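Colleague: Please read through the structure below; I'll follow up with questions.
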Amino acid sequence: MATIYPADHPTLAGAPYAMQEYYANCHANGSLTLILLPISRHAQNILHHPAHSASLSVSSDPPDAARARVALMGDVTLLPDAAATDVKACYLAEHPDAVEWLPGDDDGAHVAYWARFDPHMVYFVGGFGDEHFIGYIPLPLYQASGSSTLGTPSSGQQTVLL
Ligand SMILES: *[C@@H]1O[C@H](CO)[C@@H](O)[C@H](O)[C@H]1NC(C)=O
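Numbering (my numbering), first residue to last: 489 to 650.
Given below as structure tokens:
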């Protein structure tokens with residue numbers, strides 16, 4: 489995930505910040521489920537940004553210049569705990585360790601909030617430009633595509649859930 493430091497930050501105002509972040513694929517339209525911890529730099533940057541902007545990248549593992557990766561640019565909406573009953577089981581299936589910091593848990597390790605990341609722009613780098621598509625993907629196409637299978641040059645197919 490990448491976010492932007494707020495304008496009133498003493499040393500990094502307006503600077504980008506990138507750090508690994510958990511997300512889960514719990515919506516049919518490719519919006520992603522997050523747990524925001526106000527203790528985290530990402531959560532602070534998102535909550536202070538006027539549009540709650542963030543970007544998430546998904547790539548092959550290990551990273552490979554010949555393989556597909558995608559950047560999602562969008563915004564984050566906080567969800568009431570009651571609205572998250574459907575995504576809780578899905579999130580925990582992808583991140584069982586998050587049971588320690590679930591929103592609404594008075595005994596949890598941190599204050600936490602359910603949130604949804606809605607992509608607005610999708611930039612796809614399929615690999616090398618002479619062989620693969622590189623460019624923006626129309627949002628309706630992304631939202632209707634479900635999970636995708638990315639071709640890999642050496643080891644068959646890798647399924648990446650967006
Ligand atoms: C995606 O679907 C969720 C429901 O699963 C909905 O709340 C959200 O608004 C949708 N996002 C967009 C960008 O349409």
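Using N, Cα and C, we set each Cβ at its ideal position, and we do this for glycine too.
Note that the structure is predicted; figures quoted are calculated from it, not measured.
(1) For Thr499, which residues of its own chain have a beta-carbon under 6 Å away from its beta-carbon, when the five flanking residues on both sides are left out?
(2) Measuring alpha carbon to alpha carbon, tell me which of His620, Ile622, Asp618, Arg604 ends up nearest Gly518.
(3) Counting pairs of beta carbons, one from the region 495–509 and one from the region 569–579, are three or more of them closer than 8 Å?
(4) Return helix, strand or coil for Val648, following the three-state DSSP convention.
(5) For Tyr493, which three-state DSSP category applies?
(6) May I ask you to verify whether the region 547–559 touches the region 597–612, counting CB pairs closer than 8 Å and requiring at least 3?
(7) Helix, strand or coil for Arg529 per DSSP?
(8) Per the DSSP calculation, Gly623 is bridged to which residue(s)?
(9) According to the neighbour-count rule (16 or more other Cβ atoms, all chains shown, within 10 Å of its Cβ), is Glu509 buried or exposed?
(10) Considering just the uninterrupted stretch of the alpha helix (DSSP H) at Asp574, what are its terminal residues?
(11) Can you tell which of Thr565, Ser545, Ala554, Ala553 has its C-alpha closest to the C-alpha of Ala531?
(12) According to DSSP, is Asp594 part of a helix, a strand, or is it coil?
Modeller: In terms of the structure at hand:
(1) Here residue 499 refers to the residue found at position 11 when the sequence shown is read from its first residue. Cβ neighbours of Thr499 beyond the five flanking positions: none.
(2) Your numbering for residue 518 matches position 30 in the sequence shown. That would be Arg604, whose Cα lies nearest to the Cα of Gly518.
(3) At 8 Å Cβ cutoff, the stretches do not touch.
(4) The sequence position of residue 648 within the sequence shown is 160, counting from 1. Interpretation of Val648 is limited by its pLDDT of 47, a score under 50 that renders its predicted location unreliable; the figure taken from the coordinates is listed afterwards. Judged by DSSP in its simplified three-state form, Val648 adopts strand.
(5) Taking the sequence shown and counting its residues from 1, the one referred to as residue 493 is at position 5. DSSP places Tyr493 in coil when its eight states are reduced to three.
(6) Because the criterion of three Cβ pairs below 8 Å is met, the region 547–559 and the region 597–612 touch.
(7) For this step, residue 529 is matched to residue 41 along the sequence shown. Here Arg529 sits in helix by DSSP.
(8) Position 135 of the sequence shown holds residue 623. Gly623 has Phe612 as its beta-bridge partners, per DSSP.
(9) Counting from 1 along the sequence shown, the entry for residue 509 is found at position 21. So Glu509 ends up on the buried side.
(10) Locating residue 574 in the sequence shown gives position 86, counting from the first residue. Segment 573–582, the alpha helix (DSSP H) holding Asp574.
(11) Within the sequence shown, numbered from 1, the residue matching residue 531 stands at position 43. Taking the Cα of Ala531 as reference, the smallest distance to any Cα among Thr565, Ser545, Ala554, Ala553 is reached at Thr565.
(12) Counting from one through the sequence shown, the residue named residue 594 turns up at place 106. Coil.
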